[in-house]
Amino acid sequence: MSQATTDAVPGAIAEAEARRRTDKLVIFTWGGDLDKVWPTLILATTAAAMGMEVLVFFTFWGLFPLVRNDVRLTGDNWMQKAMSLLHRGGTEHLRLSQMNFAGMGPAMMRKLANEHHVASPQELLELARDMGVRLIPCQMTMDLLGLKREDLIDGLGEPAGAATALAEAQDAITLFI
Amino acid sequence: MSVAIATTLDFKGLSCPLPIVKTAQAFKTLPSGAVAEVLATDAGSVADFTAWCGATGNQLVEHSADGGIYRFVIRRK
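If you're matching them up, the sequences are chains E and U in order. Position one of the first sequence corresponds to residue 13 (the working numbering), numbered consecutively onward. Position one of the second sequence corresponds to residue 2 (the working numbering), numbered consecutively onward.
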């Protein structure tokens, strides 16, 4: 074996180990359903508790949980307004992707979660924010849906785009939920 | 071997991920080397606290279960 090859081995091993063990998590939250947002926030808060750096990029329907619960109508034009009427944002208004049954499904889920002392999405979102999880809304989706910064909750990071999220994801474990 | 326990964190009744999240938050306020006792009833606790200690470098000194209550003694890194 040549000298160059033997020298390369420890470096390659160190590199592989560095790749294997990353302490950063980036979640692309694409779904706005209760059953997607909930595990997203559970994973984000747990990762922060484990000392990981965490960034959640909220895009498309994933923006719904970031809308303030007291905001009813959003958007500038009739299409955006109609969409917000049909699907109200806010952690208290999330739907289930299955067994929604016009809101009965989520109501039952929340009741069960309450009985089992499972933290609500709102509680987890606040915990995530307190623990330093960076919550980044997608600027493009905000424009698409006509969501303004004041329609969204406080404590979010600066709205950004796909390149920002992907750059953050380069050295992170990534999840697409 | 007995260790001096600085504080007891009672998270009985809470479900995943709160026992871990609240333990992590409480540990931030503890000095290095301090020992805390954590109580939980979440059946996933044993696996989760073992994993959490492994990932954070805090030392799981001992753990036990008694009548559905899990007790962990953890030394802060």
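Backbone N, C-alpha and C fix where the C-beta goes; we use that ideal spot for every residue, glycine too.
query = Under the rule that 16 or more other beta-carbon atoms within 10 Å means buried, what is U/N83, buried or exposed?
reply = What is shown of chain U runs 2 to 78, which leaves residue 83 of chain U out entirely.
task = Identify the contact partners of U/T9 in chain E, using a Cβ-Cβ distance below 7 Å as the criterion.
result = Within chain E, no residue comes near U/T9; the closest Cβ sits about 19 Å away, beyond 7 Å.
request  = Assuming U/Y71 contacts U/S46 (C-beta within less than 8 Å), just tell me the rounded distance between them.
outcome  = 4 Å
inquiry  = Just to make sure I have the definition right: I need the residues of chain U whose C-beta is within less than 8 Å of the C-beta of E/T57. Which are they?
reply    = P18 and V22
message = Considering only the alpha carbon of each residue, which of E/V145, E/M91, E/K123 and E/A177 lies closest to E/L156?
response = E/M91
message = Counting C-beta neighbours from all protein chains within 10 Å, is the total for E/A20 16 or more, i.e. buried, or is it exposed?
response = exposed
ask   = If you count every other CB in all the chains shown that lies within 10 Å of the CB of E/R33, and 16 or more means buried, which is it?
value = exposed
ask   = By how many angstroms is the C-alpha of E/A26 removed from the C-alpha of E/M13?
value = Annotation note: pLDDT 48 at E/M13 (below 50); position unreliable, no value reported.
request  = Identify the contact partners of E/L187 in chain B, using a Cβ-Cβ distance below 7 Å as the criterion.
outcome  = Any reference to chain B falls outside this structure, whose protein chains are E and U.
Sequence-distant residues of its chain with Cβ nearer than 6 Å to E/T186 (five each side left out) = V38
request  = Identify each residue in the region 54-82 of chain E for which the Cβ-Cβ distance to at least one residue of chain U is less than 9 Å, and report them in chain order.
outcome  = I54, L55, T57, T58, A60, A61, M62, G63 and M64
inquiry  = Restricting to runs no shorter than 4 residues, where is the alpha helix (DSSP H) found entirely within the region 74-124 of chain E?
reply    = 90-98
request  = Compare the C-beta of E/M13 with all C-beta atoms of chain U and state if any pair is closer than 8 Å.
outcome  = Residue placement at E/M13 is poorly supported in this model, since its pLDDT is 48, which falls under 50; the coordinates are not used for a value here.
task = Give the interface partners of E/V130 over in chain U, defined as CB-CB distance under 7 Å, in chain order.
result = S16
task = Specify, as a first and last residue, the run of the beta strand (DSSP E) that E/P171 falls within.
result = Where E/P171 is concerned, there is no enclosing beta strand (DSSP E), given that its DSSP letter is neither H nor E.
key: E/A60 in three-state terms, based on DSSP   = helix
ask   = Looking at the C-beta of U/T51, does it have a partner C-beta in chain E at a distance below 8 Å?
value = no
key: DSSP three-state assignment for E/I137, whether helix, strand or coil   = For clarity, residue 137 of chain E is Leu in the given sequence; the question names Ile instead. E/L137: helix per DSSP, three-state reduction.
request  = Let me know if E/R161 comes out buried or exposed under the rule of 16 or more other beta-carbons within 10 Å of its beta-carbon.
outcome  = exposed
Three-state secondary structure (DSSP) of U/C17 = coil
ask   = Does the count of Cβ pairs from the region 126-135 of chain E and the region 68-75 of chain E closer than 8 Å reach three?
value = no
ask   = To which residues does DSSP link U/A41 through a beta bridge?
value = U/F12 and U/Y71
task = On the DSSP bridge assignment, give the partners of U/E63 in chain order.
result = U/V74
task = Let me know the secondary structure DSSP gives E/M13 once reduced to three states.
result = Unreliable placement is indicated for E/M13, whose pLDDT of 48 sits below 50; no coordinate value is reported for it.
ask   = Cβ of E/L139 less than 8 Å from any chain U Cβ?
value = yes
request  = Could you check the C-alpha separation between E/M64 and E/G115 for me, to the nearest Å?
outcome  = 35 Å
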